[in-house]
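Enquirer:
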Amino acid sequence: MTEPNSPRPDTTVLRDFAVARNTVTGSSVRMISRQPTAADRNPGRHTRKRKIIERTLGIAFPVVLITLWQIASVRGWIDRRFYPAPSDIVAEMRATFRNNPKKNWWIDIGVSVRRMLWGYFWGVLLGLLFGFLLGMSRLLRATIGPTLNALYTVPKLALIGIFLIILGFDEKPIIAVVAVTVFFFVWIQTESAVVYVPEGFREAARSFNANRWQMFRHVILPSALPSIFVGLRVAAGVAVLTLIGSEFVFAPGNQGIGYRINNARQILDPKQAYVGLVVAALLGVLFIAIIRMLGRLLTPWAPKDSVG
Amino acid sequence: MLRTRKRLATTVSVLAAASLLITACGDDKKDATPTTTAAAPSSTAASTDSTTAGSGSTAESTAGSTVDSAASAGPKATAKGCEGTGATDPNDTSVGRKPARCEKGFPAPQPLKEMTTINVSSAFKLEFNSPLLLADSMGELAKENLKMNFINLKFADAVPQMAAGQIDVAVGGLEVALLAAGNQGLPVKATLANYFPPHAGDYTVPQTGLWCRRDAFTTPDKPNLKEIEKMKLASSVGRGTVSWYYTVEEIRRQGVADFNMVNATIEAIPSADIPAALQNNAINCGIILDPMWLQFVDKPEYFLAASQTPGEPLGIYAFGKRLLVDNPEIGDAFARAFLRTVNTYFNGDYHKDPAVMAKIAEATGQNPEQLSRVDSLVMDWEFRAKTTTEVQKLFIELGVITDWKTPVPEDKIIDRSFALRAVGAG
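First to last, the sequence lines map onto chains A and B. Note that my numbering gives residue 22 to position 11 of the first sequence, counting from 1, and the numbers run on in steps of one. Note that my numbering gives residue 679 to position 126 of the second sequence, counting from 1, and the numbers run on in steps of one.
1. Give a yes or no on whether the C-beta atoms belonging to B:Val809 and B:Leu778 are separated by under 8 Å.
2. Sort out for me which residues DSSP pairs B:Ser675 with in a bridge.
3. Measuring only the C-alpha atoms, how far is A:Trp80 from A:Val74?
4. Thinking just about the alpha-carbon of each residue, which of B:Gln737, B:Thr955, B:Gly864, B:Lys742 is nearest to the one in B:Arg495?
5. What are the start and end residues of the alpha helix (DSSP H) that includes B:Leu687?
6. Helix or strand or just coil, what does DSSP make of B:Ala598?
7. Return the Cβ separation of B:Tyr870 and B:Thr744 in integer angstroms, given the expectation that the two are a contact with Cβ distance under 8 Å.
8. Helix, strand or coil: which one does DSSP assign to B:Arg654?
9. Quick one, which of B:Asp933, B:Lys666, B:Arg805 has its alpha-carbon nearest B:Phe681's?
10. Mind reading off the beta-carbon distance from B:Ala829 to B:Leu786? Whole number of angstroms is fine, and I expect it under 8 Å.
11. Helix, strand or coil for A:Lys282, going by three-state DSSP, please let me know.
12. Any Cβ of chain B within less than 8 Å of the Cβ of A:Gln200?
13. Grab the span of the beta strand (DSSP E) containing B:Ala858 for me, first residue to last.
14. DSSP beta-bridge partners for B:Trp764?
15. Which ranges would you report for the beta strand (DSSP E) in the region 737–803 of chain B if only whole runs of at least 3 residues count?
16. For B:Ile704, would you say it is in contact with chain A, using Cβ-to-Cβ distances shorter than 8 Å as the test?
17. Among the candidates B:Arg889, B:Thr800, B:Val790, whose CA atom is the shortest distance from the CA of B:Leu763?
18. For B:Glu950, which residues in chain A fall below 7 Å Cβ to Cβ?
19. Among B:Asn672, B:Leu930, B:Glu943, B:Pro962, which one has its Cα closest to the Cα of B:Asn813?
20. If you measure between the beta carbons of B:Pro776 and B:Phe856, is that distance less than 8 Å?
21. How big is the Cα-Cα spacing for B:Tyr898 and B:Ile804?
22. If you draw a straight line from the alpha carbon of A:Lys167 to that of B:Leu699, how long is it in whole angstroms?
23. Using only alpha-carbon positions, find the residue among B:Thr638, B:Val722, B:Ala911, B:Cys765 that is nearest to B:Ala888.
24. Looking only at DSSP bridge pairs, what is B:Thr670 linked to?
25. Residues in the same chain with beta-carbon distance under 6 Å from A:Ile272, minus the five sequence neighbours each way, listed in chain order, please.
26. Is the beta carbon of B:Gly884 sitting closer than 8 Å to the one on B:Leu876?
27. Which stretch, first to last residue, makes up the beta strand (DSSP E) that contains B:Thr894?
28. Could you work out which residues of chain A lie near B:Pro866, taking near to mean beta carbons separated by less than 8 Å?
29. Tell me whether B:Gly725 sits in a helix, a strand or coil according to DSSP, three-state version.
30. Can you list, in chain order, the residues of the region 813–838 of chain B whose Cβ is nearer than 8 Å to any Cβ on chain A?
31. Check whether the Cβ atoms of A:Gly121 and A:Val205 sit closer than 8 Å, and answer yes or no.
32. Expressed to the nearest angstrom, what Euclidean distance is found between the alpha-carbon atoms of B:Gln807 and B:Gln861?
33. Between which two residues does the alpha helix (DSSP H) containing A:Ile173 stretch?
34. Across which residues does DSSP place B:Thr818 in a beta bridge pair?
35. Just to confirm, are B:Asn702 and B:Val724 a CB contact at a threshold of 8 Å?
36. Give the residues from the region 258–288 of chain A that approach chain B closer than 8 Å (Cβ to any Cβ), ordered along the chain.
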C-alpha cells in the first residue's frame, strides 16, 4: 500500500493508478497496474536494438572526438606541427611500419611486450598469492595489510633508481617496476573479492562438511574469480602505463615503445611521438581485451559485465 | 514518449557527427606556421647615457675579474661599461680563453615602458643557471621592468611552447630539439650561452666529463682512448647529448685523431645512477656530472677520459617567438639584465664571495658548502663559431639526426644579436 504523501512511483514502470474500495473492510485502497513495456512485449527485439544503440554510441564517441581533433588541426586551432592531425599520424604510421628500416618499431614493440608480460606475470602471481592469503586469514590481514597499504602509495616509477642498483642495469628493473605496480592492483582486488564472498555460501559449504581446500575450490574461488578478473583487467592497463613511463626513465639497449616516444620528443619529431602513443594505446586495448576474453572463458557463470 | 526522446537524441547525434565530418573535409591548406614579419629589432642598448646601474652590494669581493682580457678580434663593444671588452672573437677557441665582460652593473638598464612578465622554463635550478635565478632575485630583471614566471619544464618539451609564444626563454643545451627547431625554421633560437668549466681540457684536475674504468682497457696503467670506440658508455639521455661532442673533440685533442663513436654502445641511464653503473661494471665509461664525480677522485681505478671542451659553452638560453619575432625589445631587456647579472655577480671566482654564494644557495635550494665543493664556473654568454656545426656533424654521424644530412647553418640555430646589442656591438 502506498502512503498518501509518498513520492510518485517511477512512471516508466507504473502506468496507472486506481482507487478501489475494499469490499470487506470498506476502506479505500490504491491499486497499481503495470503496463508491459517494449522490452516486455518483445524482449528479443528490444535486446538487439539496445545492442545496436550501444555499439553505435561506442563507435560514434571516439569518431566524434577524432573528427574534432582533425578539424582543430586542419583549421589551425591547434598547431599542426606539434599536435599533428589524426590523418597525419595515420600517414606517419604507414610510412614508419612500411618504409623506414631505421624507424623499425617492431623490435621496440617486441621488447616492450616481453617486458610487460614478464612484469605482469610476476605481479599477478604474487598479487593472487597475497590476495588469497590475506583474504582468507584475518590474522595475516592484520599483520601484513598495514605495511602493504603503506607501500601501495609509494610512486612506483620512483623505485627505478633503487631497482637499478639492486637488480643491475638490464631488463630486470623495468620488469620489477611493472610487477610491483601490477601486484598491488591484483592483491587489493583479490583480497577484497575473497573477503566479500557471501557468508551464506560459506555456511552452505560448512553444512556439507567442506574442508579448507573444498571451501577454497568450490566456494571462494568461483565466487571471487569474476571480481579478480576485474582487477586483472585494471592491472593490464596499468602494466602498459607503467612500462611506458619506466622506459622514459631507463630503457636498456635504447629499445622499447616508451624510449621511442621519449626520444621523438627529444628530437622534436612529434609525429613519431604520436605513433608511439597510438602503438601504446593499441597495445593496452589489445592486452585488456585478451584478459577480458580470458575472464569470460574462465568464469562463464559470472554476469557478463562483472568481468568486463 | 521515451522512445520519441531516444529517436530525437539519436538523430541529433548522427547529424552532429555528419556535420563535423563535413567540416573536417574542408580547407586543410591553411598554413599554421607563424608568420615572421617582424622587423629587425632596433639597437636599444648602444646608448651610453644611462644612469649608473645598481650593481648590488654583494659583488665587491668577486675575485679574478676578466674585464681586461677581451679578445682583440671580433665585434667591438661600445656600450658604456662594456667598451672593448664586452664581446670576443667567436672563432677564438684557445685554451684559457677569457670570456667577454663588462664592468659591474653594466650594461646599464633601459627599462621597458611597462612591467612585462616573461615565462622562463628550465628543468633545473642548479648553479649553472644561477645567473638567471639571480637576475630575478637580485632585481636585475626588475630594473628592466621585467618579471619572471619560472616554469619547471624540460627543454625539448619547451621548444613547441616557445614556437607558439607561450614560453619566452628556455634553459637547455645544444640538444637535438634545438637543432631540429632550426632545421624546421621554427622561431626558436639560442641567444645566450651559459658557461664552461674553469679547468676544461686540464686532465690533472678532476671534473665533469667522461669517466672510465681502467680495467676496461687492455693496458689499465696507460689506457688507450681509442678503445672507447667499442665500449659500453652511458649518459642520462643516451646518444642525443652534447656530451658526446666534447668527448669526441677532447679524445681527438688528446692524440687519437681518428676517434669516432659510431660503434660504441650508448645507454640512457638516469644521471644519478651512472656512478653506480660504472662501479658495478654495467658500463665501461659514463658521463658524470657535478658533484657526482667527486666520489671517483681518490680512486685510481677510475679516470677522466674527456672533459668539456675548453672555453666553449655548450649550454644555452633560447628565446621563443615572442622575444625573437613579436617583441624583440623584451628580448633585449632580458639580455641586458642577464649580462649585467653575470658582470656584477659572476665575474671571476664567485665561490669566494659569501654573499653571492648565499644567494645562489637560496635560489638553487643547495647549501653553500655543497656548492663550494667544486670550482666556480666561467659564465660566458657568447657562443663559439664552430660549435653548432660540429655538434650536428657528430649527431648525423651517430644517427641521432636522421632528418637532414648536412649541418644547418648556424644562423638558423643561434641569434647573437641580442647579446651584441646589449654590449653596443650590434
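Glycine included, every Cβ here is placed at the ideal spot set by N, Cα and C. Everything numeric in this text was worked out from a predicted model, so none of it was measured.
Expert: The relevant details are as follows:
1. Counted from its first residue, the second sequence places residue 809 of chain B at position 256. Counted from its first residue, the second sequence places residue 778 of chain B at position 225. The beta carbons of B:Val809 and B:Leu778 sit closer together than 8 Å.
2. Locating residue 675 of chain B in the second sequence gives position 122, where the first residue counts as 1. Per DSSP, the beta bridge partners of B:Ser675 are B:Asn705.
3. As a first step, residue 80 of chain A must be located in the first sequence, where it is residue number 69. As a first step, residue 74 of chain A must be located in the first sequence, where it is residue number 63. So the two alpha carbons sit approximately 10 Å from each other.
4. Outside the displayed span of chain B (554 to 979) sits residue 495 of chain B, for which this structure offers no information.
5. If you number the second sequence from 1, residue 687 of chain B lands on position 134. Start and end: 683–690.
6. Residue mapping note: residue 598 of chain B aligns to position 45 of the second sequence, counting from 1. With a pLDDT of only 32 at B:Ala598, under 50, the local geometry of the prediction cannot be trusted, and the value read off the model is given with reservation. In the structure shown, B:Ala598 adopts coil according to DSSP, grouped into three states.
7. Along the second sequence, one-based indexing puts residue 870 of chain B at 317. Along the second sequence, one-based indexing puts residue 744 of chain B at 191. Yes, B:Tyr870 and B:Thr744 are in contact; Cβ-Cβ is about 6 Å, under 8 Å.
8. Against the second sequence, residue 654 of chain B aligns to sequence position 101. Here B:Arg654 sits in coil by DSSP.
9. What you label residue 681 of chain B is simply residue 128 of the second sequence in a count that begins at 1. Comparing Cα positions, the closest option is B:Asp933.
10. Your numbering for residue 829 of chain B matches position 276 in the second sequence. Your numbering for residue 786 of chain B matches position 233 in the second sequence. No, B:Ala829 and B:Leu786 are not in contact; Cβ-Cβ is about 15 Å, not under 8 Å.
11. To locate residue 282 of chain A, count along the first sequence from 1; it is residue 271. A:Lys282: helix per DSSP, three-state reduction.
12. For the purposes of this step, residue 200 of chain A is taken as residue 189 along the first sequence, with counting starting at 1. For A:Gln200, no CB of chain B lies under 8 Å from its own CB, so it is not counted at the interface with that chain.
13. On the second sequence, residue 858 of chain B is found 305 positions in, with the first residue counted as 1. Looking at the DSSP string, the run of the beta strand (DSSP E) that includes B:Ala858 is 855–860.
14. Walking along the second sequence from the start, residue 764 of chain B turns up at place 211. Under DSSP, B:Trp764 forms a beta bridge with B:Gly839, B:Leu857.
15. Taking 3 residues as the minimum length, the beta strand (DSSP E) runs contained wholly in the region 737–803 of chain B are 742–746, 762–766, 785–788, in order along the chain.
16. Residue numbering aside, residue 704 of chain B sits at position 151 when the second sequence is read from its first letter. So no, B:Ile704 is outside the interface.
17. Position 210 of the second sequence, counted from the first residue, corresponds to residue 763 of chain B. When each option's Cα is compared against that of B:Leu763, the closest is B:Thr800.
18. Indexing the second sequence from 1 puts residue 950 of chain B at position 397. Think of a sphere of 7 Å around the beta carbon of B:Glu950: no beta carbon from chain A falls inside it, the nearest being about 14 Å out.
19. Translated into positions along the second sequence, residue 813 of chain B becomes position 260. Measuring C-alpha to C-alpha distances from B:Asn813 to each of B:Asn672, B:Leu930, B:Glu943, B:Pro962 identifies B:Glu943 as the nearest.
20. Here residue 776 of chain B refers to the residue found at position 223 when the second sequence is read from its first residue. Here residue 856 of chain B refers to the residue found at position 303 when the second sequence is read from its first residue. Against a cut-off of 8 Å, the Cβ pair of B:Phe856 and B:Pro776 comes out as a contact.
21. Counted from its first residue, the second sequence places residue 898 of chain B at position 345. Counted from its first residue, the second sequence places residue 804 of chain B at position 251. Those two C-alpha atoms are separated by around 34 Å.
22. Locating residue 167 of chain A in the first sequence gives position 156, counting from the first residue. Locating residue 699 of chain B in the second sequence gives position 146, counting from the first residue. Straight across, the Cα-Cα distance linking A:Lys167 with B:Leu699 is about 40 Å.
23. Counting from 1 along the second sequence, the entry for residue 888 of chain B is found at position 335. Comparing Cα-Cα distances from B:Ala888 to each of B:Thr638, B:Val722, B:Ala911, B:Cys765, the minimum goes to B:Val722.
24. Counting from 1 along the second sequence, the entry for residue 670 of chain B is found at position 117. According to DSSP, which records beta bridges pairwise, B:Thr670 is partnered with B:Lys700.
25. Within the first sequence, numbered from 1, the residue matching residue 272 of chain A stands at position 261. Cβ within range, chain order: Ala284, Gly287.
26. Walking along the second sequence from the start, residue 884 of chain B turns up at place 331. Walking along the second sequence from the start, residue 876 of chain B turns up at place 323. At the C-beta level, B:Gly884 and B:Leu876 come within 8 Å of one another.
27. On the second sequence, position 341 is the one that residue 894 of chain B refers to. No beta strand (DSSP E) holds B:Thr894; the alpha helix (DSSP H) holding it covers 881–898.
28. Stepping through the second sequence from its first residue, residue 866 of chain B is reached at position 313. Simply none; closest approach about 21 Å.
29. Translated into positions along the second sequence, residue 725 of chain B becomes position 172. Secondary structure of B:Gly725 (DSSP, three-state): strand.
30. Residues Ile819, Glu820, Ala821, Ile822, Pro823, Ala825, Asp826, Ala829, Ala830, Asn833, Ala835, Ile836.
31. If you number the first sequence from 1, residue 121 of chain A lands on position 110. If you number the first sequence from 1, residue 205 of chain A lands on position 194. No, these two residues do not count as a Cβ contact at 8 Å.
32. By one-based count along the second sequence, residue 807 of chain B stands at place 254. By one-based count along the second sequence, residue 861 of chain B stands at place 308. Inter-residue distance for B:Gln807 and B:Gln861 is about 13 Å (C-alpha atoms, whole angstroms).
33. Working through the first sequence from its first residue, we reach residue 173 of chain A at position 162. Note, A:Ile173: alpha helix (DSSP H), 171–178.
34. Translated into positions along the second sequence, residue 818 of chain B becomes position 265. B:Thr818 pairs with B:Lys785.
35. As a first step, residue 702 of chain B is located in the second sequence; it is residue number 149 there, counting from the start. As a first step, residue 724 of chain B is located in the second sequence; it is residue number 171 there, counting from the start. In terms of Cβ geometry, B:Asn702 and B:Val724 do not form a close pair [threshold 8 Å].
36. Listed in chain order, the positions of the region 258–288 of chain A with a beta carbon within less than 8 Å of a beta carbon of chain B are Val260, Phe261, Ala262, Pro263, Gly264, Asn265, Tyr270, Asn274, Arg276, Gln277, Ile278, Leu279, Asp280, Pro281.
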